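A.B. asks: I have a structure I would like to understand better, so I am pasting it below and will then ask my questions one at a time.
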Amino acid sequence: MNSRYEVVIGLEVHVQLTTRSKIFCGCSTAFGQLPNSQTCPVCLGLPGALPVLNRQVVEYAIKAGLATNSQIAPRSIFARKNYFYPDLPKGYQISQFELPICEHGWLDIETRDLGRKRVGITRIHMEEDAGKLLHNDSYSSAVDLNRACTPLLEVVSEPDMRSADEAIAYLKQLHQIVVYLGVCDGNMEEGSFRCDANVSIRPWGQETLGTRAELKNLNSFRFIKQAIEYEVERQIDVIEDGGEVVQETRLYDADNGITRSMRGKEEAHDYRYFPDPDLLPLQVSDTWIDEVRSRLPELPAAKLQRYQEEFGLPEYDAGVLSADRAVAEYFEAVVSLFEQPKTCSNWVMGEILGALKEKNLTIDQCPVTPELLAGILKRIDDNTISGKIAKTVFEEIWITGKNADQIIDEKGLKQVTDSGAIESIVADVIAANPDQVAEYRGGKEKLMGFFVGQVMQASKGKANPGMANQLLKKKLSE
Amino acid sequence: MKISQEDVAHVARLARLSLEAQELETLTSQIDAILGYVDKLNELDTEHVEPMAHAVPMSNAFRDDELNPSLGLDRAMQNAPLSGDGCFMVPKVIE
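Residue numbers (the numbering used here), protein chains in the order written: chain A, 1 to 478; chain B, 479 to 573.
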């Protein structure tokens, strides 16, 4: 990257909310249904139809606002954003312009190179989505209005990011928060979390912002990074060649890894916003805000810190376990039953997440419940089974759903701690390996590992390894 | 004049209205008169008056997040000038 220029990035994120019904009517928001099967006079924009605001949408907006340190406006209004496009049946989109529901928020992001940094959130507002255009042949386009009127939050950041990596760090954190809150399913492929990036460059030290290009069609974190990096290089080339960057909308072309100008949309930016007379002003009381605040879940950043401070986990463990709300809740359930957090962490990150990944399951589908897992850990702790046998028990629980004690009983996996039994195995092993015994006694102490291995094998893994070790040492030094 | 013919032509274009030269002239003078009338309001001191967003002194009309039956495909398509495969058909839109 050319070091003569500073990169400036602001992001607009559209978060599709997980309400059952649309923002202004009772049609379903379910994805992937037959085209136009989820429409009514309101979302079709038929004359005379009146929108009525879904209370849950307001509640989700308040939640997202609180979780991003925003101020919730006591009074906000809806506005009409006027433009013509076939996926917008009314000829205007109901959105918020003046007086949005949330303003002045921020998120702290962290990147490896630049450390911690605060990114401002200008505003969060509520709006309806447009329909979908399907380009079916060379003469016509088909319009599906199932998505029209689906509730969205638009989260607008300040132009505070200075690299593609910072932009990604901000987006990942925002994504994690809205999914944690349960207000968005986070599915980027289905368009539940969409991002537009405003990108500009300026010579270092210059105060005023350069002319920006707005990048669209960014539906994965990877594409967003690629598109921003391409666009920065393109703008540097334009300026270095003596040209000027034009303010325009550019579409990311993932197949070729480039951005392309979308011509002819310039005039459409004159939206002539005005308050929508069909919708009453919205008033949010402090009581309502407090009530929503009291139901906020603990957020990932807070969990990350608590896992390190309260549980003494390494930062890496805390990061993995807090990244996904369901995983965090699973882990906390295990710790509440078996109060050795590091051991719980090892098992959840190792066995549980490993097995889930291998079988392509989510933690909600995990057949080994926190109770069942804690059951294994207790039996290791009280020396009923060794750590090695515990893996076998874990696999059996995964398949059968039985608890650890049942499996240890049925399969006879209880660890042998009877010194007489182990002593006789030790004697057998020593008798069977005279050469190694001689070498060991000659000073090759590394062979202890071999002997322990033999004893464990002979006992089918059930001998207590510590006792085996002790007894071997004793016998071999005789 | 409070508004130019260019302004009116621009707004007409945004609203997809096609105006003859004569219409443009008539409309410009009419809109100019309306703006003159609106200007009268500026004589009032509104320094301490909160802007009104709605004519009725009410707020917070909500519905619960519950499903209502949709129209159904046939009825949804009933007024479409052109339809196919359960969709409204429009002239090709070039992205």
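Ideal Cβ positions, reconstructed from N, Cα and C, are used throughout, including at glycine.
Owing to the predicted nature of the structure, the values given are computational and were not obtained by experimental measurement.
At the level of alpha carbons, what is the spacing between A:T392 and A:L296?
C.D. replies: Each residue's alpha carbon lies about 39 Å from the other.
A.B. asks: Measure the CB-CB distance between A:A61 and A:M126 and report whether it falls below 8 Å.
C.D. replies: Their beta carbons are under 8 Å apart, which means A:A61 touches A:M126 by this criterion.
A.B. asks: In terms of residue numbering, what span does the beta strand (DSSP E) encompassing A:T400 cover?
C.D. replies: It is not in any beta strand (DSSP E) - A:T400 instead sits in the alpha helix (DSSP H) that spans 387-400.
A.B. asks: Between the stretch 24-36 of chain A and chain B, which residues of the former have CB atoms less than 9 Å from a CB of the latter, in chain order?
C.D. replies: Those would be F24, C25, G26, C27, S28, L34, P35, N36, in chain order.
A.B. asks: Quick one: any contact between the stretch 232-243 of chain A and the stretch 199-214 of chain A, if contact means 3 or more CB pairs under 8 Å?
C.D. replies: Yes, the stretch 232-243 of chain A touches the stretch 199-214 of chain A.
A.B. asks: Is it buried or exposed for A:G242, if we count other Cβ within 10 angstroms and need 16 for buried?
C.D. replies: Answer is exposed; the Cβ neighbour count stays below 16.
A.B. asks: Counting only runs of 3+ residues fully inside the stretch 32-91 of chain A, write out the beta strand (DSSP E) ranges in chain order.
C.D. replies: Runs found: 79-82.
A.B. asks: If I measure Cβ to Cβ from A:I258 and keep anything under 7 Å in the same chain, skipping five residues before and after, which residues do I get?
C.D. replies: Taken in chain order, the residues that qualify are Y230.
A.B. asks: I want to verify the contact list: residues of chain B whose CB lies under 7 Å from the CB of A:C149, in sequence order.
C.D. replies: Ordered by position in chain B, no residue passes the 7 Å Cβ test against A:C149, which lies about 11 Å from the chain.
A.B. asks: What's the gap between the Cα of A:A197 and the Cα of A:E207?
C.D. replies: Whole-angstrom Cα-Cα distance: 20 Å.
A.B. asks: What span of residues does the beta strand (DSSP E) with A:G354 cover, start to end?
C.D. replies: It is not in any beta strand (DSSP E) - A:G354 instead sits in the alpha helix (DSSP H) that spans 353-359.
A.B. asks: Distance check for A:P300 and A:Y180, CA to CA, integer angstroms please.
C.D. replies: Cα to Cα, the separation comes out at about 8 Å.
A.B. asks: Under three-state DSSP, which class holds A:M1?
C.D. replies: Only weak support exists for where A:M1 lies, its pLDDT of 49 falling under 50; the value from the coordinates is given anyway. Coil, per DSSP.
A.B. asks: Once the 5 residues before and after A:C184 are set aside, which same chain residues still bring their CB inside 7 Å of it?
C.D. replies: Cβ within range, chain order: V15, Q16, L17, T18, V178, S192, F193.
A.B. asks: Alpha carbon to alpha carbon, how far is B:Y515 from B:Q500? Give it in angstroms, no decimals.
C.D. replies: Cα-Cα distance, rounded: 23 Å.
A.B. asks: Does any residue of chain B have a CB that is nearer than 8 Å to the CB of A:M1?
C.D. replies: The predicted position of A:M1 is uncertain, since its pLDDT is 49 and thus under 50; a value taken from the coordinates is nonetheless stated next. Answer no: the Cβ-Cβ gap between A:M1 and chain B never drops below 8 Å.
A.B. asks: Taking beta-carbon pairs under 8 Å, can you tell me which members of the stretch 5-23 of chain A lie near chain B?
C.D. replies: Residues passing the 8 Å Cβ filter: T19, R20, S21.
A.B. asks: Check whether the stretch 387-401 of chain A and the stretch 420-440 of chain A touch, using three or more Cβ-Cβ pairs below 8 Å as the test.
C.D. replies: With a cut-off of 8 Å, the stretch 420-440 of chain A and the stretch 387-401 of chain A do not count as touching, because too few Cβ pairs lie within range.
A.B. asks: Quick test of the definition: if touching needs 3 or more C-beta pairs under 8 Å, does the stretch 280-293 of chain A touch the stretch 505-514 of chain B?
C.D. replies: No contact exists between the stretch 280-293 of chain A and the stretch 505-514 of chain B.
A.B. asks: Considering only C-alpha positions, which residue in the set B:S537, B:H532, B:P559 is nearest to A:P74?
C.D. replies: A:P74 has its Cα closest to that of B:S537, out of B:S537, B:H532, B:P559.
A.B. asks: B:E544 touches chain A at which residues, Cβ-Cβ below 8 Å?
C.D. replies: Ordered by position in chain A, the residues that pass the 8 Å Cβ test against B:E544 are R20, S21, G26.
A.B. asks: What are the start and end residues of the alpha helix (DSSP H) that includes A:P300?
C.D. replies: It spans 300-309 - the alpha helix (DSSP H) in which A:P300 sits, taken as one unbroken run.
A.B. asks: Could I get the ranges of all uninterrupted beta strand (DSSP E) runs contained in the stretch 321-354 of chain A, with 3 residues as the minimum, in chain order?
C.D. replies: DSSP runs (the beta strand (DSSP E)) wholly in the stretch 321-354 of chain A: none.
A.B. asks: Distance, Cα to Cα, B:S482 vs B:T506?
C.D. replies: So the two alpha carbons sit approximately 7 Å from each other.
A.B. asks: In this structure, how does DSSP classify B:A511 when only helix, strand and coil are distinguished?
C.D. replies: Correct three-state label for B:A511: helix.
A.B. asks: Mark B:K480 as exposed unless 16 or more other C-beta atoms lie within 10 angstroms of its C-beta, in which case mark it buried.
C.D. replies: It counts as exposed.
A.B. asks: Is A:S157 closer than 8 Å to A:G10 when the C-beta atoms are compared?
C.D. replies: Yes; because the gap between Cβ atoms is below 8 Å, this pair is in contact.
A.B. asks: I need the DSSP call for A:G105, collapsed to helix, strand or coil.
C.D. replies: Correct three-state label for A:G105: strand.
A.B. asks: Mapping the DSSP letters down to three states, classify A:S424 as helix, strand or coil.
C.D. replies: Helix.
A.B. asks: Report yes or no: is there a C-beta of chain A within less than 8 Å of the C-beta of B:A487?
C.D. replies: Chain A contact via Cβ: absent.
A.B. asks: Where A:A326 and A:Q56 are concerned, what is the direct C-alpha to C-alpha distance, given to the nearest angstrom?
C.D. replies: Approximately 22 Å, taken between the alpha carbons.
A.B. asks: According to DSSP, which residues form a beta bridge with A:L11?
C.D. replies: For A:L11, which the question treats as bridged, DSSP gives the partners A:A197.
A.B. asks: With a 10 Å radius around its C-beta and 16 neighbouring C-beta atoms as the bar for buried, classify A:R212 as buried or exposed.
C.D. replies: So A:R212 ends up on the buried side.
A.B. asks: Across the stretch 84-102 of chain A and the stretch 313-324 of chain A, are there enough close Cβ pairs to call them in contact, namely three or more that are closer than 8 Å?
C.D. replies: As far as the Cβ criterion goes, the stretch 84-102 of chain A does not touch the stretch 313-324 of chain A, which means the pair count is below three.
A.B. asks: If we cut at 8 Å on Cβ distances, does A:A142 have a partner in chain B?
C.D. replies: It does; some Cβ of chain B falls within 8 Å.
A.B. asks: Within 8 Å of any Cβ in chain A, is that where the Cβ of B:D552 sits?
C.D. replies: Chain A, which has no Cβ nearer than 8 Å to the Cβ of B:D552, makes this no.
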